[in-house]
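Right, one structure below, let's go through it.
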Amino acid sequence: MLHESAMTQALELAFSGVRGANPLVGALLVSAQGEVLAQGHHRGAGTFHAERAALANFFAHHPAGVDLSSATLYSTLEPCRHQGRQPACTQLIIEAGIGRVVHGASDPTSNGGGAAVLQRAGIEVLSSVLREECEALNHRWTAAQEQHRPFVTVHLAQTLDARIAAADGTSQWITSQASREHTHRVRSRADAILVGTNTVAVDDPRLTARTPAGDLTQRQPLRVVMGLTPVPKRCKLTQALPEGEGWVQLRTRDPLEALQELAQTTHGGYPVKHVLVEGGQSVLSAFFAAGLVDEVFAYHAPLLLGAGTASIGDIGVTTLREAPRFALDPAESGPVQIMDSDVCVHLQPKGDTCSPES
Ligand SMILES: NC(=O)c1ccc[n+]([C@@H]2O[C@H](COP(=O)([O-])OP(=O)(O)OC[C@H]3O[C@@H](n4cnc5c(N)ncnc54)[C@H](OP(=O)(O)O)[C@@H]3O)[C@@H](O)[C@H]2O)c1
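Note that the UniProt record's numbering gives residue 306 to position 306 of the sequence shown, counting from 1, and the numbers run on in steps of one.
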């Protein structure tokens, strides 16, 4: 099997994962005869890395100690050498006795250097196969790493005419039950949910992640309020707890400063690496204007308001040429989903974007 063809399959696998704290990664274990022995992909922070997932799938059907010295492991990203929430992939590859590793993108983080570890262990390593496509797969995640900030997902729950609240301030609910359930799934995998001070004042949201039955999910994100106005004492999101216990206020209007502060914050024992920005208009606009949006879920509900709060305000664009552009994101469940009567469009900023077909 040609390296490019195997790497293309690994890329397709990678797109089944979810964006957020960790990059999308796909892996394929291939025999010397070109037979695919196992495949795997990373399903999100705290779950098996793609290489480990592929090896686990292989060893689920083969005895430990089986000879893999003539097999090749393909991975869209350089295997990590870092022991974090998951063991280092390099160690697992060495222990499995795999003869060759082929990877696409190099790891841009401090966890890089896995290729050299493998080589020192006597494993043949081939780098940069479909490098551009593999780098494009995670171009926004890499940008977040370089800026030492969390990955930012934006939630836009809007009417057909792109409004997030009616003229009287009411906004619950614009979108369907299915859209809201999807939002709760995204909330449950984010490290933090961020809203502006005015959304807290107007909506008094709980900002919890809940199951369709309304129960709290096991993992709750940090609740974050951005802005200078003090958070009202009796609002639902603080649950009468002192600041620092499940919620924080970032007393700034600068989105990069807010993100960098969050990057220094731990929640549940881990640093905040993935933030879901839910609104309102001022905060959303500030993140878009600063180019700090990495992923968008735009839920379009079939109703019109004609007046009220637009989802995005002035972002400094005065002519079409300056408009930030977005590309359909095929990751996770695909770029377009019907959620009851709503249409959810999954987007990422246009850049060196990559799709399974490209
Ligand atoms: N449909 C939905 O899913 C959804 C979701 C959220 C909100 N909403 C709606 O959105 C509306 C609220 O929108 P909003 O724009 O008034 O409120 P907002 O964005 O929640 O909060 C605005 C406040 O945030 C602070 N802030 C922080 N950073 C800022 C920045 N860079 N630029 C400007 N302000 C910044 C400012 O207050 P300080 O003076 O305190 O700094 C500002 O007044 C409500 O009607 C709510 O129902 C809808």
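A virtual CB, placed ideally from N, CA and C, is assigned to each residue, including glycine. This structure is a prediction, so every number in the text was calculated from the model and none was measured.
Distance from the C-beta of I338 to the nearest heavy atom of ligand 1 is not below 8 Å.
Buried is the label assigned to D203, since at least 16 other Cβ atoms lie within 10 Å of its Cβ. One alpha carbon belongs to Q39, the other to T211, and they sit about 30 Å apart. Using a cutoff of 8 Å, the CB of R253 counts as near ligand 1, since one of the ligand's heavy atoms is closer than that. Checking the 8 Å criterion, the Cβ of D342 is out of range of every heavy atom belonging to ligand 1. Going by DSSP, Q220 is part of no beta strand (DSSP E) at all; its letter is neither H nor E. S5 has its alpha-carbon roughly 34 Å from the corresponding atom of L292. M7 is not bridged by DSSP to any residue. In this structure, the C-beta of I164 approaches ligand 1 to less than 8 Å from one of its heavy atoms. Judged by DSSP secondary structure, H139 falls within the alpha helix (DSSP H) whose first and last residues are 139–146.
For S70, DSSP records no beta bridge to any residue.
In this structure, T238 has its beta carbon at no less than 8 Å from each heavy atom of ligand 1. DSSP places D329 in the coil class of the three-state scheme, outside both helix and strand. The region 172–186 and the region 315–328 do not touch, with fewer than three beta-carbon pairs separated by less than 8 Å. When Cβ pairs closer than 8 Å are counted between the two stretches, the region 210–225 is seen not to touch the region 297–309, the count staying below three. The way I'd put it, the region 130–138 doesn't touch the region 164–172; fewer than three beta-carbon pairs between them come closer than 8 Å.
Pairing I93 with F297, the inter-Cα distance amounts to about 36 Å.
Below 8 Å, enough C-beta pairs join the region 276–293 and the region 147–166 to call them touching: three or more.
For T142, same chain residues with a beta-carbon under 6 Å away, outside a window of 5 residues either side, are P108 in chain order. In the structure shown, S128 adopts coil according to DSSP, grouped into three states. With respect to D254, A289 sits apart: the two C-beta atoms are not nearer than 9 Å. In this structure, V195 has its CB closer than 8 Å to one or more heavy atoms of ligand 1.
In the DSSP assignment, no residue is bridged to E322. In this structure, ligand 1 has no non-hydrogen atom nearer than 8 Å to the beta-carbon of S176. Taking the CA atoms as reference points, H41 sits about 38 Å from T197.
Under DSSP, C344 forms a beta bridge with Y299, Q337. By the C-beta criterion, the region 4–24 is judged not to be in contact with the region 112–120, since fewer than 3 inter-stretch pairs fall below 8 Å. Under DSSP, I193 takes part in a beta bridge, and its partners are R223, L276. Where I164 is concerned, the enclosing beta strand (DSSP E) starts and stops at 163–165.
Cβ contact annotation for I98 (same chain, cutoff 8 Å, sequence separation greater than five): L29, L68, S69, A71, T72, L73, I123, in chain order.
Excluding the 5 residues flanking it on each side, S16 has same chain C-beta neighbours closer than 6 Å at H41, in chain order.
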